[in-house]
DNA sequence: GGCACGTTACTCGGATAAGTTATGTCCGAGTGCAATCGG
DNA sequence: CCGATTGCACTCGGACATAACTTATCCGAGTAACGTGCC
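Residue numbers (our numbering), protein chains in the order written: chain A, 102 to 260; chain B, 102 to 260.
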């Protein structure tokens, strides 16, 4: 049960895009430079964020990505769900209904499997925590140095 | 971020072992019959449960597995952690410290990354839910039909 | 009849292959800027 | 000198290879029961 590294990348990129609140979009190449990431692959991981309406993409010269909504309206769960998918990690395949131990007892299977209920409850708690934090919250917690440093680095290359 | 199917298998097997509270151990072949699972692979997934002290294995003829502790003392988290591993799903690789955007700012990196903190908090909530439920709780929630049916099936093959 | 021994069949345990998902790379479509040419 | 046009460089988007992990299988080591022979 490992989460793809794209989640970390996506969250950090959203944070940078929130810091650089310019109207001008930021290209993936620039974001990749900031974090020393493979530019092509980073682009691939940011595309689902566009599909889910978290980022807006501008094609063509001077194009790039920008936040589609205000940082207060983008939760961490939004980003995680966009990149990792919305389906639960635990998949109940109803093995209780299979095999010799369970045959001819269809009635009690109307109730969902108790194991699945526990797992679902846990995942809901996980989601609740992620949904309670927004990109804006992450901005507030960040030491002031990082945003200005990134902004300075960005302006040095654009001007 | 998908959880291996071994978790579902392991939990159901622990439940069956709790139902069949006999002193005699149950072989993996029997457990595989109950759920129509590949016996060899099921055995492979139950082995970590032995390593973690959740199951006890008895080699030789009439051997098999049995619960090492009382069902009240085996949490769902114990089983999940034994099979899936104890490490967090989210791995913070500290990309904030890499690249041109973050150089020469070692001081503020003493504080852990805010994103990692949020993810860790969410995973702790997930773990908390799983640790709050034991195999005994699952037994209590199960409709009474299933345990007796499995027990009957087991006795028909042993006697 | 009781006991010791050898055989046998059955179990777990870890080492070894195939399939599937995540990772990484590539090329094509589209867009805006800029330089150029004409008026 | 000003404007329209044409070419170009840069961007995203999705299709195509590679690597890692999950899933599945196999064989060897060990153990307990059982049958057999002996006392």
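Where a beta carbon is used, it is the ideal one built from N, C-alpha and C, also for glycine.
I'd like to know whether the C-beta atoms of residue i and residue j end up nearer to each other than 9 Å.
i                      : j                      : result
residue 116 of chain A : residue 252 of chain A : no
residue 118 of chain A : residue 166 of chain A : yes
residue 152 of chain A : residue 110 of chain A : no
residue 232 of chain B : residue 177 of chain B : yes
residue 108 of chain A : residue 175 of chain A : no
residue 200 of chain A : residue 156 of chain B : no
residue 135 of chain B : residue 254 of chain B : yes
residue 259 of chain B : residue 162 of chain B : no
residue 226 of chain B : residue 230 of chain A : yes
residue 239 of chain B : residue 105 of chain A : no
residue 209 of chain B : residue 164 of chain A : no
Which residues in the same chain as residue i place their Cβ atom closer than 8 Å to its Cβ, once the five residues preceding and following it in sequence are excluded?
i                      : result
residue 257 of chain B : none
residue 171 of chain A : 237
residue 235 of chain B : 172, 173, 174, 175, 176, 177
residue 193 of chain B : 213, 214, 216, 217, 220
residue 224 of chain B : 189, 190, 191
residue 182 of chain B : 153
residue 243 of chain A : 116
residue 228 of chain B : 178
residue 195 of chain B : 210, 214
Taking C-beta pairs closer than 7 Å, name the residues in chain A that residue i reaches, listed in chain order.
i                      : result
residue 237 of chain B : In chain order: nothing, as chain A lies at least about 12 Å away.
residue 201 of chain B : 134, 135, 254
residue 234 of chain B : 219
In the DSSP assignment, what residue or residues form a beta bridge with residue i?
i                      : result
residue 165 of chain A : A/159
residue 127 of chain B : B/166
residue 176 of chain B : B/235
Return the chain-ordered list of same chain residues with a C-beta closer than 7 Å to the C-beta of residue i, the five sequence neighbours on each side being excluded.
i                      : result
residue 143 of chain A : 110, 129, 132, 133
residue 114 of chain B : 132, 147
Residues of chain A with CB closer than 8 Å to the CB of residue i, please, in chain order.
i                      : result
residue 153 of chain B : Those within 8 Å of residue 153 of chain B in chain A number zero; the least Cβ separation is about 16 Å.
residue 109 of chain B : 191, 192, 193, 194, 196, 216
residue 138 of chain B : 196, 200
residue 185 of chain B : 102
Using a C-beta to C-beta distance shorter than 9 Å, which residues of chain A count as neighbours of residue i?
i                      : result
residue 127 of chain B : Here the premise fails: no neighbours, minimum Cβ distance about 11 Å.
residue 175 of chain B : By Cβ distance, chain A contributes nothing, its closest Cβ being about 13 Å from residue 175 of chain B, past 9 Å.
Can you pull the chain B residues whose beta carbon is under 9 Å from the beta carbon of residue i, in chain order?
i                      : result
residue 224 of chain A : 227, 230
Could you name the residues of chain B that residue i contacts, counting a contact when the two beta carbons are closer than 8 Å?
i                      : result
residue 112 of chain A : 216
residue 244 of chain A : 209, 212
residue 106 of chain A : 192, 194
Leaving aside the five residues before and after residue i along the sequence, list all residues of the same chain whose C-beta is less than 6 Å from its C-beta, in chain order.
i                      : result
residue 158 of chain B : 151, 166
residue 154 of chain A : 169
residue 191 of chain A : 220
residue 140 of chain B : 129, 130, 133
residue 184 of chain A : 107, 108, 111, 149
residue 187 of chain A : none
residue 248 of chain A : 120
residue 250 of chain B : none
Any alpha helix (DSSP H) of 4 or more consecutive residues that is wholly inside the segment 129-155 of chain A: Listed in chain order, the complete alpha helix (DSSP H) runs (minimum 4 residues) inside the segment 129-155 of chain A are 129-136, 140-152.
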